[in-house]
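Numbering (our numbering), first residue to last: 719 to 1029.
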Amino acid sequence: MDKITGSFVAIVTPFNKDGSVDFGAFRDLLKFQRDNGTAAILIMGSTGETSMLSAEEKKQVIVETAKMKTPDMPLFFGCTGNNTETTIENVQFAKANGADGAILAAPAYICAPEADIETFFLDVADATDLPLGIYNNPPRVKSDLHWDNLLRIFKHPNYVIHKESTTRVGQVAQVLAARPDVSVMCCDSPNLGLVVPTMSLGGHGTANMTGNLAPAELATISTPWKGDLGAEAFKDAYLGLLPLLHYTYSAINPVAVKSLMKAVGLPVGDLRKPLTGLQGDALAKGIRIIQELELDRKYGFKIAPLSAVAA
């Protein structure tokens, strides 16, 4: 696989009114991303409410969405299970059913030591030839790999992507300085503050969720820098989009982004319970940001009255 650069969007999982996965909407959302410069897609990340999908739903999502892939926008799937064996089974199922790759995080809740998580990533990689990525996501799963652990893991030829969400901003520099043969990307949360150092030090893009609403803008922000013009385009896009970046991280992922997507007419359905969508002033703030940035005009969003959105 060629090295992935640019915007790697963690897409939401759309639901029908009866709560089932809406595959027609999935097709529309993937086209929206493809038409606006997204380089790759992660399906069933935390943005995709993966922890609230059943095992059978996860298999169905892989089978059906893999049929929608195109050569210009690879589809990766979140395949982390609650232990090593289940994760291997998930990755092998994804490989057998057309996935372009899989993204792995440390298994949630167990808070395993770093050495055990390093072994977990290597054991999974040894069991497949599917391209893999690591999502170091301590805010969500507690475990936080040090760059020494990561760089040892990246010597494995199956790893092609590193998504970083550590609160230790300097970790990005340490990884990039070692020049591993992976695409180094970071979370787009402005609170973590990883985007600017990642891109300025030679990062390959961002693995983001705000691209669900502003795919072309995230494609600009996620473009590797080439000279002063690249830095200037990045600065303008990043500073301009800061209000939306802060908004999409104003509630636990994906509450804010999915609520706002529904409010602007994208076919996403509701959040799966026990999560509920934003309403009232919280939702109105997001709509104002969309309008002030003129994203509604750019993308043809159809903003419903707040009374209808909250119904």
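Even for Gly, the Cβ is constructed at its ideal location relative to N, Cα and C.
Q.
Between the segment 894-911 and the segment 876-884, can you find at least three pairs of beta-carbon atoms closer than 8 angstroms?
A. With a cut-off of 8 angstroms, the segment 894-911 and the segment 876-884 count as touching, because enough Cβ pairs lie within range.
Q: Assign M791 to one of three DSSP states: helix, strand, or coil.
A: As a position in the sequence shown, residue 791 is number 73, starting the count at 1. Residue state for M791 is assigned as strand, using DSSP reduced to three classes.
Q: Alpha carbon to alpha carbon, how far is I1007 from I821? Give it in angstroms, no decimals.
A: Position 103 of the sequence shown, counted from the first residue, corresponds to residue 821. Position 289 of the sequence shown, counted from the first residue, corresponds to residue 1007. Rounded to the nearest angstrom, the two C-alpha atoms are 31 angstroms apart.
Q | Nearest-angstrom Cα separation, counted from F744 out to I759 | A | If you number the sequence shown from 1, residue 759 lands on position 41. If you number the sequence shown from 1, residue 744 lands on position 26. So the two alpha carbons sit approximately 12 angstroms from each other.
Q.
Based on DSSP bridge pairs, tell me the residues matched to K881.
A. Position 163 of the sequence shown, counting from 1, holds the residue named residue 881. K881 is bridged by DSSP to Y853, M903.
**Q.** Test item: CB-CB of A728 and A974 under 8 angstroms
**A.** Here residue 728 refers to the residue found at position 10 when the sequence shown is read from its first residue. Here residue 974 refers to the residue found at position 256 when the sequence shown is read from its first residue. Between A728 and A974, the gap from beta carbon to beta carbon reaches 8 angstroms or more.
Q: Please confirm if the segment 982-991 is in contact with the segment 729-743, defined as three or more CB-CB distances below 8 angstroms between the two stretches.
A: With the cut-off at 8 angstroms, the segment 982-991 and the segment 729-743 touch.
Q. Would DSSP call T924 helix, strand or coil?
A. Within the sequence shown, the letter at position 206 stands for residue 924. In the three-state DSSP reduction, T924 falls in the strand class (E or B).
Q) Which whole-angstrom value describes the C-beta separation of A830 and A824, a residue pair presumed to lie in contact below a C-beta threshold of 8 angstroms? A) For the purposes of this step, residue 830 is identified with residue 112 of the sequence shown, where counting begins at 1. For the purposes of this step, residue 824 is identified with residue 106 of the sequence shown, where counting begins at 1. With a Cβ gap of about 7 angstroms, A830 and A824 count as contacting.
Q) Would you call the CB atoms of A937 and G819 closer than 8 angstroms? A) Against the sequence shown, residue 937 aligns to sequence position 219. Against the sequence shown, residue 819 aligns to sequence position 101. No.
Q: Please go through the same chain and pick out, in chain order, the residues whose beta-carbon is closer than 6 angstroms to the beta-carbon of P961, but skip the five residues on each side of it.
A: Looking up residue 961 in the sequence shown gives position 243. I1007, listed in sequence order.
Q: Check whether the Cβ atoms of G1004 and A981 sit closer than 8 angstroms, and answer yes or no.
A: Position 286 of the sequence shown holds residue 1004. Position 263 of the sequence shown holds residue 981. Result yes, Cβ atoms of G1004 and A981 sit closer than 8 angstroms.
Q.
Between the segment 962-971 and the segment 739-753, can you find at least three pairs of beta-carbon atoms closer than 8 angstroms?
A. No, they do not touch.
Q: Express the C-alpha separation of N854 and V914 in angstroms, rounding to a whole number.
A: Within the sequence shown, the letter at position 196 stands for residue 914. Within the sequence shown, the letter at position 136 stands for residue 854. Between V914 and N854, the C-alpha separation is close to 18 angstroms.
Q.
Would A932 and L959 be called neighbours here (beta carbons separated by less than 8 angstroms)?
A. Translated into the one-based positions of the sequence shown, residue 932 becomes position 214. Translated into the one-based positions of the sequence shown, residue 959 becomes position 241. Cβ distance < 8 angstroms, so A932 and L959 count as in contact.
Q) What alpha helix (DSSP H) runs, 4 residues minimum, are completely inside the segment 912-975? A) With a minimum length of 4 residues, the continuous alpha helix (DSSP H) runs that stay inside the segment 912-975 are 913-918, 933-939, 945-966.
(Q) Considering just the uninterrupted stretch of the alpha helix (DSSP H) at F838, what are its terminal residues? (A) Within the sequence shown, numbered from 1, the residue matching residue 838 stands at position 120. Looking at the DSSP string, the run of the alpha helix (DSSP H) that includes F838 is 832-844.
Q) When DSSP labels each residue in this structure, what does A1028 get in the three-state scheme? A) Stepping through the sequence shown from its first residue, residue 1028 is reached at position 310. Low local confidence applies: a pLDDT of 48 at A1028 is under 50, so the model's placement there is unreliable, with the coordinate-based value given in what follows. Note: A1028 maps to coil in three-state DSSP.
**Q.** Proximity to W943 [Cα-Cα], best of V890, D746, M786, S918
**A.** Within the sequence shown, residue 943 is the residue found at index 225, counting from 1. Ranking the options by Cα distance to W943, first place goes to S918.
**Q.** Beta bridge counterpart(s) of G799 as assigned by DSSP
**A.** The residue labelled residue 799 in the question sits at position 81 within the sequence shown. DSSP lists no partner for G799.
**Q.** Own chain residues within Cβ distance below 6 angstroms of G799, not counting five before or after
**A.** In the sequence shown, counting from the first residue as 1, residue 799 sits at position 81. The answer, listed in chain order, is T805, N808.
Q: Could you pull the start and end residues of the alpha helix (DSSP H) that F741 belongs to?
A: Position 23 of the sequence shown, counted from the start, is the residue given in the question as residue 741. For F741, the enclosing alpha helix (DSSP H) stretches over residues 741-753.
Q. Does the beta-carbon distance from A812 to F795 come in below 8 angstroms?
A. Within the sequence shown, the letter at position 94 stands for residue 812. Within the sequence shown, the letter at position 77 stands for residue 795. In this structure, F795 lies closer than 8 angstroms to A812 by Cβ.
Q: Could you name the residues that DSSP lists as bridge partners for V727?
A: Start at 1 with the first residue of the sequence shown, and residue 727 comes out as number 9. Answer by DSSP bridge pairing, in chain order: I759, N926.
Q) Any idea if G766 is buried or exposed, counting beta-carbon neighbours within 10 angstroms, 16 or more meaning buried? A) Here residue 766 refers to the residue found at position 48 when the sequence shown is read from its first residue. Taking all protein chains shown into account, G766 has 16 or more neighbouring C-beta atoms within 10 Å of its C-beta and is therefore buried.
Q: In angstroms with no decimal places, state the Cα-to-Cα distance between V890 and P1023.
A: As a first step, residue 890 must be located in the sequence shown, where it is residue number 172. As a first step, residue 1023 must be located in the sequence shown, where it is residue number 305. So the alpha carbons of these two residues sit roughly 42 angstroms apart.
(Q) Can you tell me whether A814 is buried or exposed? The criterion is at least 16 other CB atoms within 10 Å of its CB, across all chains shown. (A) Translated into positions along the sequence shown, residue 814 becomes position 96. It counts as exposed.
(Q) Rounding to the nearest angstrom, what Cα-Cα distance links A1028 and V779 in this structure? (A) Locating residue 1028 in the sequence shown gives position 310, counting from the first residue. Locating residue 779 in the sequence shown gives position 61, counting from the first residue. For A1028, the predicted model reports a pLDDT of 48, less than 50, meaning its position is unreliable; a value from the coordinates is still stated below. The alpha-carbon atoms of A1028 and V779 are separated by roughly 28 angstroms.
Q) By DSSP, does A1002 sit in helix, in strand, or in coil? A) The residue you call residue 1002 lines up with position 284 of the sequence shown. In this structure, A1002 counts as helix in the three-state DSSP scheme.
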